[in-house]
Amino acid sequence: MSISNNDKDNARDFIEKNRASGVEWEDLKIVNFMPYTKYAQTEAERFTVLTEFQSFLNTATYAEWQDLVASEQAMLDSASLESENFGNKDVASNVFISKAETSSWVQYTKQLRNKNWSEGAIEGIKKSAFNILKRLSTDTTETGPIKGLVLGNVQSGKTANMAGLMAMAADNGWNYVIVLTGMIENLRLQNQKRLLSDLSGNSAAQFESIENPSLRSQRQISDLNLTGNKVYLTVGLKNSTRLKNLVRWLYSDINRARQLKLLIIDDEADQASVNVKKITDEDDEQQERTAVNKAILDLVHGVNDIKPKASNYIAYTATPYANVLNEAGENTLYPSDFIYSLTPSPDYIGPQQLFGTEEPEQQAALNIIRDIKQPDEEIIKQLNGGEAVEIPDSMKRAIDWFLIATSAMRARFVQGKTAPRPVSMLIHTSQLVNAHKSVALAVQEYLLHIKNDPLWLANAETLYRNEKNAFPQSAFIHEMSEYTVPRLKIADYPEWEDVKEQLEHYYFVLDDREFLNFAQLDEDKAMSFVKGFTMAIDNAAVRGSQSEHIRLAYPPSPNDITPVIVIGGATLSRGLTLEGLISTYFVRTTKTADTLMQMGRWFGFRTGYEVFPRIWLTADAFHRFEFISQMDADLRVEIQKYTAVLKPSEIGPKIKNSPNHRFVEITANNKKQSATETDLDFQGISKQTTVFEKNNVDILKNNVEITEKLIDGLDDNMITTKSNRGKLPALVWRDVDFDVVKPFLTDYKAPDRDLFFSNLNALVEWYEESFLSRGEATKWNIIIPSVEGNRARWQVKDYDLGKVNRSQYGQDENGVISIHTLRSGGDIGLDYGLDKTQSKTWSDVLRAREEDGLGNNPQLIIYRIDKDSTYQGNALGSRRDLNAADDLIGINISIPGNTSEESLGKSIQIKIPKDSYSIEED
């Protein structure tokens, strides 16, 4: 706005005064309330007359006046904007979304449209940014700083949300924005450049950069005009020296400090900002702190009793576990006021899309994960150690695919079906910098070998056709059902002959130096890229030469498909985007969930090359990612659950925890010091076994024997349900005493990796305490489905039933395998004859039971899976025959209660210290 902040405050006082006198909102907007304006012919003329009598409106436009009036109605208008934040009560902000052409928000949307953002995506940023803005305040002198957390997604475009929030804040009177980025100067400069570019439109409130301020700077805080039309922006490193300099500079003038309306955005807030010093029971003021954490707290709270007029601290992160588990209290950075979960774009490919969840019905995984076998892992260890060994077969396949997919992309480029762009391959075998060079040499050797291998093209054709069958375009469209890109623009596989043409007559005819090399530097340090494949090694130790650029770089304006192979470690984990990532080879031993999630450079948007990405992982890494995918999904459900009910200062969000800490740790121990374990709760769950030890004869025989024993203990008064064709789909027993079911549950064996079914004793104990002790839900229903047409049979009472056919999904890990989905559609409704539309999920069944007055019994479904089950589909990359040592017994357990299918097991949440937050009495 062209109107100054002081004049805006006077204008709002004027509006409130007239509103209190009974003037309607509409009359305020069209200036139809003052006697001296009644002779004006138009609304704009009436406003002009008004400005002659009210000097504080002299610099305002009529559109800006309407925005000011709208701001006073914001609470009413904003009620229609759905919120997904934890701590949505007591909203008192009167912020608004400006529609004025010269507003920062409108100018920012123009920038987004120029970058080809869809209207739906812009509307999503508008909604989320405004919902966050509503939680903030331009005056915190009485309440103390506002502290919140925004939960984003890895590589999901949260910077765009940050910029949108900054634009709206500028329109609403904030005058200083501080963005804390990571710890690498190059990334800080990139972020600063991008934010200034995004917010550099023709807006009345202009953003002006204040870079690395200190008391030695030429420009001091006393030189800034905080009541004018400037919004000052500092993008700073999380470096204790720089932060201390910023704090001293910012609070060096008490009068200016009292004018400061601060918006502090902590990007990647779980990195460096968290206090990892030992948390004690000492008073907040006595608590020992890391230097960065202490400096940020001083920035937020002020120093030496000098405080800003408004202080709003927002932590942005995709991995918030440390932020919500480490410490709470008024003198901490704990998000006591709100936690907001950003809803990702329907075009975003994140952990749920890639790894699914432990509950398969919540989200099926895209079939693009390929396995790294155990023997290959041993070869990788040798490579990392510097031994001169040939790269393993799985790495060869990953490199082969990169060449093939790059050629397919180039074929599409030649055909005019895609724009020129970089494409990338990531090879991440170790965080140790010494390993990267030896791996790079081995990769170079293999690439030069296949360039001259006459047999390689025949093998490449087989790989291409197998991958095309395993993950066709139709599978992508089916799994990404809400994808907004028109079907005709979704990438598809070209014909093999077109791919072969690019390999044979473009890439393989290049000389070796042009086929494979690092980026080249000329005398002026201008960078050029080879026509073939550019190598890059990216770590903290690598240095280039006068003629070569070794670290990762992309051409600023590509005119072709430019392939880059990058080998690296920790530097690739945050803040770095790998453009056009179509092949990933990932071997990493870390077990902390936040580190693993940030390593997922394959998350993000894949518009224009949807079908080409592939990821090679070890079995261990895959299962860890699957677990944290579920943990991430559960946390977002947890945040939504508390909408409009509680603030994080009253109760911390629960985070799914693994009983096996050798498998997954949520975050480092010194980042979750105030975490406390919460009780188990199994109400409303429906869980199916999907993980089995297929070669452990003792476990398999045990489960078959206890199944037969359970069946022997059931009476002969079962119900037979039949399909429309008259064939038997299931046997059903209703109202079975729990005493009959209990031995089966307590004796059932499952792999330790299955955190639910390997701990069924916890379920039994909880059920007895929660239901049996109160005389509720004391009877169970048991269902045994039959599969007609399956030649493998088994006898149940006097019935001849078909065994279930289930193939292996993905890689096995020491005999432990996944089938991904056990249950067939409609099975959980068989005990009451519900059709498939009524029993897609357990929550559907519970609702149908309640509506139809049916029973409220817990349910057990038992599946006998044929040990010789075969795969009969085409997804060769992920499915294979079962080949088990004996039949598998799969079960599904459903418990009445709240209709949710969220994952269960132990959770942890922060312990809120008693009296740590001042509570106002009603």
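Counting in our numbering, the sequence shown runs from 278 upward without gaps.
A virtual CB, placed ideally from N, CA and C, is assigned to each residue, including glycine.
I need the straight-line Cα distance from residue i to residue j, nearest angstrom please.
i     : j     : result
Y385  : K392  : 11 Å
G441  : F889  : 32 Å
S618  : Q659  : 43 Å
A642  : P1028 : 22 Å
V346  : K294  : 12 Å
F330  : P925  : 47 Å
D670  : L725  : 16 Å
K808  : F748  : 29 Å
D1158 : D1145 : 7 Å
D1163 : I1096 : 15 Å
K978  : E1128 : 41 Å
E791  : Q467  : 30 Å
G397  : K586  : 36 Å
F291  : G693  : 60 Å
S707  : N644  : 25 Å
K1080 : D993  : 20 Å
P936  : L1022 : Residue placement at P936 is flagged as unreliable, the pLDDT there being 49, under the threshold of 50; the coordinate-derived value follows with that caveat. If you take the alpha carbons of P936 and L1022, they lie about 19 Å apart.
N283  : L855  : 45 Å
A481  : L539  : 19 Å
D575  : D543  : 14 Å
Would you kindly check if the distance between the Cβ of residue j and the Cβ of residue i is under 9 Å?
i     : j     : result
T418  : A377  : no
V456  : T379  : no
V508  : A446  : yes
W879  : L740  : no
H705  : F863  : yes
D837  : F690  : yes
A685  : R647  : no
L1037 : Y1025 : yes
E744  : R891  : yes
A696  : E778  : no
V524  : A549  : no
D1012 : K964  : no
D909  : Q629  : yes
Let me confirm a value: residue i is counted as buried when at least 16 other C-beta atoms fall within 10 Å, else exposed. Which label applies?
i     : result
Q564  : buried
S1050 : exposed
T861  : buried
H771  : Checking the sequence, you will find Pro at residue 771 rather than His. So P771 ends up on the buried side.
D799  : exposed
P731  : exposed
T966  : buried
Q1085 : buried
E341  : buried
D788  : exposed
G857  : buried
W893  : buried
I531  : exposed
Y1044 : buried
I need the boundaries of the alpha helix (DSSP H) containing residue i, first residue and last residue.
i    : result
N532 : 531-534
N479 : That residue, N479, is in no alpha helix (DSSP H); it is neither H nor E in DSSP.
H726 : 710-728
K658 : 651-661
E400 : 396-410
T325 : 320-330
N335 : That residue, N335, is in no alpha helix (DSSP H); it is neither H nor E in DSSP.
P628 : 628-632
Q384 : 381-391
Start and end of the beta strand (DSSP E) containing residue i?
i     : result
D815  : 810-815
A796  : 793-798
A1007 : 1007-1014
T415  : No beta strand (DSSP E) holds T415; DSSP gives it neither H nor E.
Q692  : It is not in any beta strand (DSSP E) - Q692 carries neither H nor E in the DSSP assignment.
Measuring only between beta-carbons, confirm whether residue i sits less than 9 Å from chain C.
i    : result
E341 : No chain C is present in this structure, which holds just one protein chain.
| query | At what residue ranges does the region 544-587 contain a whole run of the alpha helix (DSSP H), taking only runs of 4 or more? | reply | Runs of the alpha helix (DSSP H) lying entirely within the region 544-587, each at least 4 residues long, are 568-578 in chain order.
| said: Please give me, in chain order, every unbroken run of the beta strand (DSSP E) with length at least 3 that falls completely inside the region 1067-1113. | reply: Under the rule that a run must span 3 or more residues, the beta strand (DSSP E) segments found entirely inside the region 1067-1113 read 1070-1073, 1076-1079, 1085-1090, 1093-1095.
| task | Report the residue ranges of all beta strand (DSSP E) runs contained in full by the region 435-500; include only those spanning at least 3 residues, in chain order. | result | 453-457, 483-486
| request: For the region 728-784, list the beta strand (DSSP E) runs that are entirely contained and at least 3 residues long, ordered along the chain. | output: none
| In chain order, each alpha helix (DSSP H) run of at least 4 residues that lies wholly inside the region 287-318 | 302-306
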